[in-house]
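Rendered as structure tokens:
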């Protein structure tokens, strides 16, 4: 196997606060899928056959066999799969040849899981969206402290956060600063 | 300001980047003889109305879509938001 | 009546009975030789120089509201001549020289304070660009000094030198730059023009142009029809709105530029400081308020009021540059309606309609340009040939590919 | 019963003297409790001033909070919540509050009338900056700013609600109760730390219980409703577009306390109810500014809420709203009685009436009627209208901002019952039904508009800016008669209280002078913020290192270990050079890096260049539309340089695009323009060529990419790229690209690209392997003496090769100016092609990018110099162009430069002056080819 040892932002990070837990989810790969013009129906059908659920509506994510899929734009989706395959994009390119174009995304994003009954008290000083009123299954890209962030609501008080890898150290620092001011 | 994205609802305009008049979508024919004059008017002249204005916004921090927003430049009231590219 | 200390003593002892109105509340006549549309700084200065320098008679300034109510009363009061392109720098240096003798010309203390303008650089390319700009300034007869970090620290020790996200690497310093009491500029020119017979007509909005076979012979207004041989339009952010009535589309967008003032403070800042890594520039007024601003909001607007993202962006820049001002409190925010042109530089030119002249496209530079804009517009209207320093501000420069683009941002007004 | 907790004493100091107050006191109430009346000095005449109000309308009692060398200036004593250890100092009095030498201004006041400074200080000219202005600036200003950094932490946040209720007095509390019980998402904000408004000040019964009790009981119920959020000590300072409001929550006045001292909330509301109450206004009479003269309503607040006893004191009033505990004399203008003068320099001791009567008193209450607090209705430029019977401005229903209602005293409904009734109807219009309003006092306000007492002595209108009624009449006399002119000429209403207690009185005096009614005179409008907001709060956490995000490259950790000096490149930190022991300055390191690369092999992290996946059936056609070069014939496995124009024909960005398959290209952009290019491409894709099957995915952060350059580059890479891939020149020629694996199977991409001009490859792996790969490459390179090189060395090499970069692609230059005209495909259209042919851009004598070397090799060429033909005068008219990039070339042993000069391509070999005033360095230079090193590019193709 390769001599090159991978390391990803937030490796092994986990912290407990009074009413808030943060941890680093791992063991998955992410790829983006862009649907070829005129191939939406075909792609939607083969997607459902492969992953057992339909493509998500705008502003939502769907649970899949072995992962999730998030709507990220017109004819564009993120696919998250719990697999040990850093060539997921090539696997998908084969599976959906002619229907959609795949690009590996895993390394571009640093992931955090946040949960707890005070999660909204913290996030309201971080993300401009009305997260309290969103249903589980909400998913969107927005900003947090001038940085980009993807927010997935996974439970009433639980969220997946993805932020660009290169600025992830600053993102975590800012997030902990806000937590320090509240909890 | 708030832009009500046609696909997933209201978002703070701070997530968008403004380009200008929606007339920028009507790129002239480069093969016309008076192409330089047409491209000059297309790129440089603006109605710049004090009232209703169809304009282009890019949802940079969101879904990376281009939107045509119909907004009153005096009151800032937004009456319509459409996707630039009907998918 | 001349203004001076003796006059103040005399009036002070006699209950101030002797002071006269600074300008007459003129009623519009049937016709004039020259009409200036727009009673802001540029319009009033044009009228003054038409009468004073070019001996023109029968001049009227038409203002839709109250004089000085537009951008001349809504800016951050900075004067400077530190432009990079010769097509601009010659004009702004001419303007700075007119500022330097304004009090004598107008017998009105507009508080021209040349306490220096410092542009900060935070990267080597930025410092090199300031070298190019400094040399262009000196080639045009202006003053410029390139400072290293120690030079900047000597001028402004309170800046953030050690914990900055974008460390200060140097700066460009123009000693003769500074600030002017903006309202006084409008009143000073109004009084001087009025003393030379110019009719200043407020609450008189132009609602149309009288144009027959390509010749403009007068205007319709809310106070009746007024005829004139020559009409000069200097209405800044309303340029498109007004000239649409003459069937013209302009290379311009109207934008809201917010400005801010803090509560009054004892002397803290000497001159003007502009931040090179964020949208923030600041100076301190004589009354003690920090007068600061940043960028336009970025979307077409005639609302003369802005939104929160820019307020926060400017303050983030300010606190990052000078951490002490976090404790100063923002007292008031307002907005001007700036005419952002397609290359960031102004237009002072005839139009394709005989007798109709246009002055506009001032972006951020309108206030500092007031004297020279007035002088050059007056010269163009009076003699039909441009002043040498303004000869490049032509309307057709865009179709001919002769853009004057200081920041190199191209046809997107909100980036200039 | 007062709301102050006498069992909790708090110590504080004022101007060094220590005092005691209680929990629940403001600094103002604590000072009054200790009978301190003199608290400040006015702006122009430096007259002694005392507290006149009880809220944010206070114009006089401004103080500096001092703590650990940090000063917070201009704080209203009425708005500082007392805490133990508070240390404050008075303002604007030097050397002391009691003895202020600048009070001499008061003696020469006849010569300091409104606008006097416009008429003098003009001679001699140099005196203005040297003498007059410094004196004015020292006298002016209020508090001081310490030059120490603001130590406090501020947060920003975002709140969402159906209904935002602004003001928690009777009306606001009742509206919150009705809407809250109906289940609406409600936010109730009040600027006071104690909710209740006038209920806490005016003794009255509501449904049989006292006002304070009713407020307490209502607040308790609101706390039980999960859909209601209470925000005490939160000022809603501004109304913006589309239901957005700005609010500032203060958690403590203590400087440097742990946690965020203040939170700047951006509130997104569906609708809003303004219930901000009203502010009592004074009356202008001779010497009405002495310490001890206060607003009658404020005195009731200090009596009933703070339990302070003023004893018996007279009240000057023109209305019936001044209900009081004591029966002391009432001077009622409706009975043609008023105050004609007062005495007592540092504190009131007697007042004389127009009847000739003289009253000895330390305190005087004044009530000139009420101004509804309608600021937030004006923030979108709608104007209030005049209500003659109530003698005040009220919100104009038909110009109210969308989805805003106004209730209670803010709407001119001054009685408590009216407040409850208007809350009921406002909630009803939002669909929230409610029963009969609580029983409460309902006496209508009866008032005769009595604004000022005419007379020779000065009567103050704007206490803080020292604007008197005479100033206003003088302004009118001098032609400044529009309400906006009066404000700017006299500075009426431009102080820190923004005319809360002075605008309407001043307006009435102006209307008098103009012989017009108040509505005909018009009014100025309020601008945000409602009350001053610290600039630090607007900055929030975005200061210091958190001003902007910081992006780190995959090799950042390793580079730091190698002694890298980092430089900001947009938001990225990039290694500029790598200092090794023994190297004196940066030039030593950079020269070594260039020499090592050109003689053996150097490695540079190029991950920051924008990388965009361009995929789809029409990807090639799309690239043809955005680049001047043709991409149609580019075969998979090949790269091509592309120059991108803006539609105005000016060069925008450049970079190489690699084709990996029929439908997959990887485009690179410069680091600086990555965001700009992506936005431009999405505009082209979605708005100009929507029918193309092309998709753009940014992968800048997905791939770690390193350039490996130099004669030994291939030997080194052959130890990294797995053996089954042949990267020889024959198999992998210049501008080739392909998928490979490295270090035993890790997926990678390989490109034969060179910016340095040497034999070079770029190797990219998924970012997770970036750190491991850079270490493996340098380890493999040890035998060749390989080193990392930074952006400085990269800059030297690209200048030696004559490649244009940011300084040349500066937004004003075309392909022709840059000497890249040859790349422009004649056949096809592309963005920018048409307008690049305009006369001004193709002029023969236009600027051209060429090389420059000093004629005398001892001279140093400098960047930013302007070229003047030898013998011409050094002025703008003779300017020939400018130097854009300069570097010292170790290979050539002298400085080399790139720059633009008129007709440069036809002037090779000519000598011109390079004029550099700012560095005092005028030298002669020779125009040469910009390709200084390996002009034919042989090294690339080895």
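Chains as they are written, first to last, in the working numbering: chain L, 8 to 190; chain R, 275 to 361; chain E, 1173 to 1588; chain A, 7 to 948.
The beta carbon of each residue, even a glycine, is placed where N, CA and C say it ideally should be.
Does the distance from the CB of residue i to the CB of residue j come in under 8 Å?
i, j, result
"residue 418/A", "residue 398/A", "yes"
"residue 1297/E", "residue 681/A", "no"
"residue 458/A", "residue 291/A", "yes"
"residue 160/A", "residue 535/A", "no"
"residue 347/R", "residue 1536/E", "no"
"residue 1391/E", "residue 1207/E", "yes"
"residue 281/A", "residue 195/A", "no"
"residue 1317/E", "residue 151/A", "no"
"residue 177/L", "residue 556/A", "yes"
For residue i, which residues in the same chain have their Cβ closer than 8 Å to its Cβ, ignoring the five residues on either side in sequence?
i, result
"residue 1375/E", "1235, 1236, 1237, 1238, 1394 and 1395"
"residue 172/L", "15, 16, 114, 115, 116 and 117"
"residue 934/A", "856, 857, 858, 859, 914 and 915"
"residue 821/A", "634, 649, 651, 657, 827, 829, 830 and 842"
"residue 1399/E", "1202, 1203, 1204, 1382, 1389 and 1390"
Excluding five sequence neighbours on each side, which residues of the same chain lie with their C-beta closer than 7 Å to the C-beta of residue i?
i, result
"residue 123/L", "26, 27, 28 and 164"
"residue 620/A", "628, 629, 671, 673, 700 and 702"
"residue 554/A", "577"
What three-state label does DSSP hand residue i in the structure shown?
i, result
"residue 171/L", "strand"
"residue 560/A", "coil"
"residue 770/A", "strand"
"residue 631/A", "helix"
"residue 19/L", "coil"
"residue 68/L", "strand"
"residue 607/A", "coil"
"residue 47/L", "helix"
"residue 58/L", "helix"
Report the partner residues of residue i according to the DSSP bridge assignment.
i, result
"residue 855/A", "906/A"
"residue 985/A", "The first residue shown for chain A is 7 and the last is 948, placing residue 985/A beyond what the model contains."
"residue 1546/E", "Residue 1546/E is not bridged to any residue."
"residue 134/A", "DSSP output for residue 134/A lists no bridge partner at all."
"residue 1244/E", "For residue 1244/E, which the question treats as bridged, DSSP gives no partner whatsoever."
"residue 332/R", "291/R and 340/R"
"residue 87/A", "32/A"
Restricting to Cα atoms, I'd like to know which of the options is closest to residue i.
i, options, result
"residue 1488/E", "1447/E, 1468/E and 1460/E", "1447/E"
"residue 63/A", "211/A, 231/A, 11/A and 283/A", "283/A"
"residue 35/L", "131/L, 128/L, 149/L and 95/L", "95/L"
"residue 171/A", "907/A, 162/A, 185/A and 103/A", "185/A"
"residue 924/A", "871/A, 890/A, 883/A and 745/A", "871/A"
"residue 304/R", "875/A, 631/A, 677/A and 942/A", "631/A"
Going by beta carbon distance, what residues of the same chain come within less than 6 Å of residue i, once the five residues before and after it are set aside?
i, result
"residue 838/A", "651, 652, 653 and 655"
"residue 779/A", "771"
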